[in-house]
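Student: One structure coming up, written as structure tokens, with questions to follow.
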Amino acid sequence: KAGVTQTPRYLIKTRGQQVTLSCSPISGHRSVSWYQQTPGQGLQFLFEYFSETQRNKGNFPGRFSGRQFSNSRSEMNVSTLELGDSALYLCASSLYPGEAFFGQGTRLTVV
Amino acid sequence: DQQVKQNSPSLSVQEGRISILNCDYTNSMFDYFLWYKKYPAEGPTFLISISSIKDKNEDGRFTVFLNKSAKHLSLHIVPSQPGDSAVYFCAASLNNDMRFGAGTRLTVKP
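Dropping the structure here:
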């Protein structure tokens, strides 16, 4: 069974641009969550989607948004990029509560 | 708001001995607790979890203990192996919203 796949692995963007990251969950997993990891703040929860609906949301500004498709694939969008958005963005999928499997992440650098 | 805390940034143990990683939380509503192992530039690898209704869960060399009254959980690795050297994160989940600790770097010396 394939694991969680995130694309692209690395991305460099300029301040003010927008970016879309993609996550394909493990087959059969309907819950997809997104996290941001930075050296200063650690791993922080962005939002969670289940059956194309956002179920939970962390404390991030509205520039961070996401969506989930009918095949459970999810995308995360960040608009008007800031230097502080440089981070490793991780996606996790789960089938049951109490478990979540992460992808390799997308390393975003904003210059 | 730091709802999950790992107060030890690093831990060093000898191969074959027990590694004990600790984690404290503040929200008594969390329903699951998870432990992850992470290498640089990779996503966290799920190790073991425990439901809030249990006090112990074991999987091979890994055992997680939960003390709800103290809002404390710990991960025991026995015996520790050099390949266990990594950063370990504990996480607490409520309705699939996971909050992570800052991590503890475990070094297992041969």
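Those protein sequence lines, which keep their order, are chains X and P.
The first sequence begins at 1 in this note's numbering and counts up one residue at a time.
The second sequence begins at 112 in this note's numbering and counts up one residue at a time.
Just so it is clear, CB atoms sit at the ideal spot from N, CA and C, and this is done for glycine as well.
What are the start and end residues of each continuous beta strand (DSSP E) run of 3 or more residues lying completely inside the region 15 to 81 of chain X, in chain order?
Tutor: Here the runs fully enclosed are 19 to 24, 31 to 38, 42 to 50, 53 to 57, 64 to 68, 74 to 78.
Student: List, in chain order, every chain X residue whose beta-carbon is nearer than 8 Å to that of Glu153/P.
Tutor: Under the 8 Å cutoff, chain X gives Gln104, Gly105.
Student: Along chain P, in chain order, which residues have C-beta atoms closer than 9 Å to that of Arg67/X?
Tutor: Near Arg67/X there are no residues of chain P at all, since even the closest Cβ is about 17 Å away, more than 9 Å.
Student: Could you check what DSSP says for Leu108/X in three-state terms: helix, strand or coil?
Tutor: DSSP places Leu108/X in strand when its eight states are reduced to three.
Student: Step through the CB atoms of chain X and report whether any lies within less than 8 Å of the CB of Leu122/P.
Tutor: No, Leu122/P does not count as interfacial toward chain X.
Student: Work out the CA separation of Gly3/X and Thr156/P for me, nearest whole Å.
Tutor: Cα to Cα, the separation comes out at about 11 Å.
Student: Which one or two residues does DSSP pair with Tyr136/P in a beta bridge?
Tutor: DSSP lists Val115/P as partners of Tyr136/P.
Student: Does chain X have any CB closer than 8 Å to the CB of Asp142/P?
Tutor: Taking Cβ atoms only, chain X reaches closer than 8 Å to Asp142/P, which makes this a yes.
Student: So, are the CB atoms of Asp135/P and Phe45/X less than 8 Å apart?
Tutor: It is not a contact, given that the beta carbons lie outside the stated cut-off.
Student: To the nearest angstrom, report how far apart Gly42/X and Glu52/X are at their CA atoms.
Tutor: One C-alpha to the other measures close to 27 Å.
Student: What is the DSSP secondary structure of Asp170/P, reduced to helix, strand or coil?
Tutor: Reduced to three states, the DSSP call for Asp170/P is strand.
Student: Residues in the same chain with beta-carbon distance under 6 Å from Thr215/P, minus the five sequence neighbours each way, listed in chain order, please.
Tutor: Taken in chain order, the residues that qualify are Gln117, Ser119, Leu122, Leu132, Tyr199.
Student: Could you tell me the alpha carbon to alpha carbon distance between Leu11/X and Asp166/P, rounded to whole angstroms?
Tutor: Distance between the alpha carbons of Leu11/X and Asp166/P: 42 Å.
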